[in-house]
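Please read the structure below before turning to the comments.
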Amino acid sequence: MADPTAPRDDLYLPVRLGPRPPRRVVSLVPSLTEAVAATAPGLLVGATDWCSHPADLSVTRIGGTKNPDVPRILALAPDLVLANDEENRRPDLDALRAAGVPVWVTDIRTLDDAFRSLDRLLTTACGLPRPGWLDEAEAAWGAAGSGGTPPEPDGPRTVVPIWRRPWMVLGRDTFAGDLLRRLGLRLVHADHPERYPALPLPELLACRPELVVLPDEPYRFTAEDGPEAFPGTPAALVSGRHLTWYGPSLVTAPAVLRRALDHPLGAGGAGTS
């Protein structure tokens, strides 16, 4: 039977933490890795191969977000594993729980979700003081006019591909979509039934977007790979870390994204598939 006094993660699942704050943490999410490393550098003992920030992070690598090496994680004897409902596979998390490891799962769909979730993860799950960078991030978005509930966006009609072959775009209910909406963009597929719909290029072009936003992750769009598929449409190349990560990158994200959105590339060449 679940302990009714145990704290609950974002999925409202009880997480049985030990009598003292965690001392050995494994993170399965790049955003959360950076958040913990920026707050308490000595806490992390393991992270995924995709955890690239901070650049000097020196911990055991335990595979990818979708295929973590569960035996290697268990060998690290963590007293807490950090995960995300979208990034990580539930069977892997269930295997860790079955082995007696507490797992804290985040579920982040909006900027407000991120602020609430990061505060609870760091203070409740990890037993840390609320970090100053989290206050700075909230202030940065507030200064950008995006604090609280933003007004309806009135900017250009925008398509946001996140993958190519096949083309996939931001749909409804996504963290990245919420950030762009707060910066004034009107996402063409914001009301699509799927969160990341796969749509053929002719259908994307038929929407007649006024702007295409191309992040450098998860697919690495570049000036030579992406804009040419949308002839005649300005293309903004943006930092995927500032668009899709929830952590210390949120401090500079409003300025970084606004700078890229305000200076899109001009019309591309002939369309391709």
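Note that my numbering has the sequence shown beginning at -10, numbered continuously upward.
Just so you know, even glycine gets a beta-carbon here, dropped at the ideal spot from N, CA and C.
Values in this document were obtained by computation on a predicted structure and should not be read as measured data.
- Burial of D(-2) is indicated by the presence of at least 16 other C-beta atoms within 10 angstroms of its C-beta.
- Judged by beta-carbon spacing, C115 lies within the 9 Å limit of L69, meaning their Cβ atoms are closer than that value.
- For L63, same chain residues with a beta-carbon under 8 Å away, outside a window of 5 residues either side, are L85, A88, V90 in chain order.
- Collapsing the DSSP output to three states places W93 in a strand.
- Nearest C-alpha to L254 among L32, T233, E199, P60: E199.
- Annotated three-state conformation of P253 is coil, per DSSP.
- In this structure, V158 is the residue among D251, E125, V158, G53 with its C-alpha nearest to the C-alpha of Y208.
- Runs of the alpha helix (DSSP H) spanning 4 or more residues and lying entirely within the region 37 to 62 do not occur at all.
- Taken through DSSP and simplified to helix, strand or coil, D124 comes out as helix.
- Residue state for W152 is assigned as strand, using DSSP reduced to three classes.
- Taking each of A187, R79, P19, R78 in turn and checking the Cα distance to R50, the smallest one comes out for P19.
- Note: N77 is not bridge-paired with any residue in the DSSP secondary-structure output.
- Taking 9 Å as the cut-off, the Cβ atoms of A224 and V240 do not count as close.
- Taking all protein chains in view, the Cβ of G7 is surrounded by fewer than 16 other Cβ atoms within 10 Å, so the residue is classified as exposed.
- By the neighbour-count criterion, in which a residue is buried when 16 or more other Cβ atoms sit within 10 angstroms of its Cβ, H252 is exposed.
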